[in-house]
Amino acid sequence: MLRPIELYIGLRYTRAKRRNHFISFISAISMAGIALGVTALITVLSVMNGFERELRERILGMASHATVSGYRQPLSDWTGVRELALASDLGIVGAAPYIEGEGMLRHGDKLSGTLLRGVLPEHETEVSDVGEHMLEGGLAALQPGAFNLVVGKELAEALGVGAGDKVDLMVPQATVTPAGVMPRFRRFTIAGVFQVGMYEYDRSLVLMHLDDAAALYRMGADVSGVRLKLADMFRAPRVSRALAQRLPAGTYYVTDWTQQHANFFRAIATEKTVMFIILTLIVAVAAFNIVSTLVMVVTDKQADIAILRTLGATPRSIMAIFMVQGSLIGVIGTLAGVAGGVLLAINVENIVPAIERLIGQQFLSSDVYYITQLKGELHWGDVAKIAIVSLVLGLVSTLYPALRAARIMPAEALRYE
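Numbered per the working numbering, the sequence shown spans residues 2 to 418.
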């Protein structure tokens, strides 16, 4: 059991100016290594938490929390499905029909493949954030029969178009004419440009009015499905199962975002775990430097240990003295690392842009990465877990040197003194 005398002597040894400056240097390196490892762990996990949050919000700002579609066929009674979903007690706060397909836009000699989505502007704002990210025009310009389009910023730049420009849209469906089978074309007008900050959508998504999409794909009154927004996105699996039970069996198919993007978010979670293990090795290497430090201290203090033993100190007391000394290195390094990691995680949004401006290089290019800005999200649970791991590694690294000190025999240690 640790008593005040062991604590006092252990702290005294730590504060004392050692005759062997190399031992002091190794102790300082161990503290710095632990601090660096803890700082890196907290910062990296915070950045990855922020990355996951931003990605989830941007994906679900344009996608949907849950989707009701027809089972192997278009959805015909979308108004009934929408009313049933909104009237339920499942926490569904928005519902909007959509028609989805693929096409190709042409402007002059420039072509680009696109993902087409027919929407009702008055309902689309209930399930997506696109209306909040308009650079030109707005969703209100999507009127039935006007054949207007709202496109992403990256797609508009690729085609060299802006609000008011005309583009040709071709869909992968053919029309039989006297001249033969012809692909289906239609001239549209760019009525708006949006930028949600996610390259996948800014580069490929095109919005049009639901009636125009129905005419283009010859769907009549049918739609591809109904997109739902929930008050709590994390309840999506439970809500989708409950809603599926209330709909006629074998007619409707209900999915949620955890199914549509499961592999993607599972990959992020796996990457976080792997990064935690890899960066913990930095802390482990620094912590086990304490072993070499204490072994040298024990060798240097053999005479002191022998004198303490002759004065009545037990092997357990000797062991406790050196465990205090070694653990203090781990505690100081951990506290310094936690302070540095928290400060970096909180200010990463300002630090990274400053570094980019300094070196004139953007770390996250929009055409390579999903997002272009790093944002930290500090979870105190992660901080506590990292601090505990660091302290435990520091404590474990003191066991061997402390046991070695406890086994020193006073007569052998004092023979040549």
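Built from N, CA and C at the ideal position, the CB exists for glycine as well.
Limits of the alpha helix (DSSP H) - the one that residue i falls within
i: V292; result: A263 to D301
i: V224; result: First-last for V224: undefined, no H or E at that position.
i: H124; result: P122 to V128
i: S321; result: A small fix is needed here, since residue 321 is Ala in this sequence, not Ser. Per DSSP, A321 belongs to the alpha helix (DSSP H) from P316 to I360.
i: L400; result: L400 to A407
i: K154; result: K154 to L160
i: S391; result: W381 to V397
i: G81; result: W79 to A88
i: R219; result: From DSSP, R219 is part of no alpha helix (DSSP H); its letter is neither H nor E.
i: E201; result: Y200 to S205
Proximal residues to residue i (C-beta, below 6 Å), its chain only, five neighbours per side dropped
i: E272; result: none
i: G34; result: A287
i: S419; result: With the chain covering only 2 through 418, there is no way to say anything about residue 419.
i: T256; result: T68
i: V207; result: T115, L117, L150 and V152
i: G139; result: G193
i: A403; result: M320, F323 and M324
i: G102; result: L117 and Y218
Cβ neighbours of residue i in the same chain (closer than 8 Å, five flanking residues each side left out)
i: I347; result: G377 and L379
i: G342; result: V39, T40, A41, L42, I43, T44, S47, V384 and I387
i: A141; result: P122
i: T252; result: G71 and Y72
i: R454; result: Outside the displayed range of the chain (2 to 418) lies residue 454, so it cannot be described from this structure.
i: R258; result: It is worth fixing the name first, because residue 258 is Trp in this sequence and not Arg. I60, L61, A64, S65, H66, A67, M234 and A237.
i: L112; result: M105 and L106
i: G395; result: I35, A288, I291, G327, S328, I330, G331, V332, G334 and T335
Strand pairing of residue i, partner residues [DSSP]
i: I100; result: G119
i: V168; result: F189
i: H210; result: V120
i: H108; result: K111
i: N149; result: T190
i: D257; result: A67
i: I93; result: L231
i: L248; result: Partner(s): none; L248 has no beta bridge.
i: F195; result: M135 and G153
i: L76; result: V224
Residues near residue i in its chain [Cβ-Cβ closer than 7 Å; skip 5 each side]
i: P75; result: M220, D223, V224 and S225
i: G62; result: S129, D130 and V197
i: I409; result: Q303, I306 and A307
i: I30; result: N290
i: L91; result: V240, A243 and L244
Buried or exposed by the 16-neighbour rule on C-beta atoms within 10 Å, applied to residue i
i: P173; result: exposed
i: N50; result: buried
i: A214; result: buried
i: R228; result: buried
i: M2; result: Its pLDDT being 45, under 50, M2 is placed unreliably in this model, and the value from its coordinates should be taken loosely. M2 is exposed by the Cβ-count criterion.
i: F52; result: buried
i: R310; result: buried
i: E133; result: exposed
i: I59; result: Reading off the sequence shown, one finds Arg at residue 59, where the question assumed Ile. When all chains shown are included, R59 counts as buried.
i: F189; result: buried
i: Q144; result: exposed
i: I330; result: buried
i: L37; result: buried
i: R83; result: buried
i: L392; result: buried
Residue range of the beta strand (DSSP E) that includes residue i
i: G138; result: M135 to G138
is_contact[residue i, chain B] using C-beta, thresh 8 Å
i: S293; result: Here there is only one protein chain, and chain B is not present.
Problem set entry | Three-pair Cβ contact test at 8 Å for the region 195 to 204 versus the region 147 to 159 | Between the region 195 to 204 and the region 147 to 159, the count of Cβ pairs shorter than 8 Å is three or higher; the stretches touch.
For this session: State whether the region 104 to 123 contacts the region 290 to 310, with contact taken as three or more CB pairs (one from each stretch) at a distance under 8 Å.
Result: Output reads no: the region 290 to 310 does not touch the region 104 to 123.
Problem set entry | Inter-stretch contact (C-beta, 8 Å, three-pair minimum) for the region 95 to 103 and the region 229 to 243 | Below 8 Å, enough C-beta pairs join the region 95 to 103 and the region 229 to 243 to call them touching: three or more.
For this session: Flag this pair as touching only if the region 250 to 265 and the region 108 to 120 have three or more C-beta atom pairs under 8 Å; answer yes or no.
Result: The answer is no - the region 108 to 120 does not touch the region 250 to 265, with fewer than three Cβ pairs under 8 Å.
Problem set entry | Three-pair Cβ contact test at 8 Å for the region 231 to 244 versus the region 144 to 151 | The region 231 to 244 vs the region 144 to 151: no contact.
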